[in-house]
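Asks: Structure provided below as structure tokens; questions to follow.
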Amino acid sequence: MKDFKYIWVIGLIVTVLLVAAPIVIFSPKEDAPSDDPWSYVPEEAGSTNHTSLIQGPFESPNEVTETCLTCHPDAAEQVMATSHWTWLSDTVEVDWRDEPVATGKANLINNFCIGVQSNWTGCTKCHAGYGWNDASFDFSDETAVDCLACHDQSGAYVKGPAGVP
71 MKDFKYIWVI GLIVTVLLVA APIVIFSPKE DAPSDDPWSY VPEEAGSTNH TSLIQGPFES
131 PNEVTETCLT CHPDAAEQVM ATSHWTWLSD TVEVDWRDEP VATGKANLIN NFCIGVQSNW
191 TGCTKCHAGY GWNDASFDFS DETAVDCLAC HDQSGAYVKG PAGVP
């Protein structure tokens, strides 16, 4: 019996392990990374109320854009670099063409309005610009960018044929 003098220590260790193991195993872990892409977008300060900053009346929608560009001089250039403006993808090399090709709503059959070429003014009323009546539209005209297509807060902004409100 002398050999088993400290057997209670072994029993105590086993008991502590039996109690501690489930606590460690089932305790809350660090939050897993979110699969939501919006969780990685930084929060921005609230937007400025432009009601007192921009005064009309305006003779044309292009004048509204000119007013926006006085405080946001790079905004039109930024929009014009997107597929929302060009309705085209980045260019790609394809085996059957000698030059790079860009595709998109501007030059393909699509499932919404079939093709722009058959109905310019109807299809382009969703374009983020003003006045795209036909193939001669000037994609380099910064005043043709429609700032209100995205930034109108009234809920009453509606675009008509060729994107003209």
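Counting in the working numbering, the sequence shown runs without a single skipped number right up to 235 at its last residue.
By construction, the Cβ of each residue, glycine as well, lies at the ideal position given by its N, Cα and C atoms.
Output needed for Cys138: all residues of its chain with C-beta closer than 7 Å, excluding positions within five of it in sequence on either side, in chain order.
Replies: Result list for Cys138: Ala145, Cys217, in chain order.
Asks: Is Glu133 near the ligand FMN, with its Cβ less than 7 Å from a heavy atom?
Replies: This structure simply doesn't include the ligand FMN, nor any ligand for that matter.
Asks: Can you list, in chain order, the residues of its chain whose CB lies under 7 Å from that of Ser153, leaving out five sequence neighbours each side?
Replies: Result list for Ser153: Ser159, Gly174, in chain order.
Asks: Taking the C-alpha atoms as reference points, what is the distance between Glu113 and Met150?
Replies: So the alpha carbons of these two residues sit roughly 25 Å apart.
Asks: Quick check on DSSP: helix, strand or coil for Val171?
Replies: If DSSP states are grouped into helix, strand and coil, Val171 belongs with the strands.
Asks: In angstroms with no decimal places, state the Cα-to-Cα distance between Ile83 and Ile93.
Replies: Spanning the two alpha carbons is a distance of roughly 15 Å.
Asks: Quick one: Cα of Val234 to Cα of Asp165, how far?
Replies: Going by the C-alpha atoms only, they are around 39 Å apart.
Asks: Using alpha carbons as the reference points, say which of Trp78, Ser188, Gln223 lies closest to Thr118.
Replies: Measuring from the Cα of Thr118, the nearest candidate turns out to be Gln223.
Asks: Alpha helix (DSSP H) containing Ser153: first to last residue?
Replies: Looking at the DSSP string, the run of the alpha helix (DSSP H) that includes Ser153 is 153-156.
Asks: From what residue to what residue does the alpha helix (DSSP H) around Asp148 run?
Replies: The displayed chain sequence assigns Gln, not Asp, to residue 148. Counting along the chain, the alpha helix (DSSP H) containing Gln148 begins and ends at 145-150.
Asks: Suppose you measure from the CA of Glu147 to the CA of Glu212; what does that come to, to the nearest Å?
Replies: Roughly 7 Å separates the two Cα atoms.
Asks: For Val94, which three-state DSSP category applies?
Replies: It is helical.
Asks: Am I right that Pro231 and Gly192 are in contact with their C-beta atoms under 8 Å? What's the rounded C-beta distance?
Replies: Their Cβ separation, rounded to whole angstroms, is 7 Å, which keeps Pro231 and Gly192 in contact under 8 Å.
Asks: Output yes or no for whether 8 Å exceeds the beta carbon distance between Thr135 and Val228.
Replies: Contact flag unset, no.
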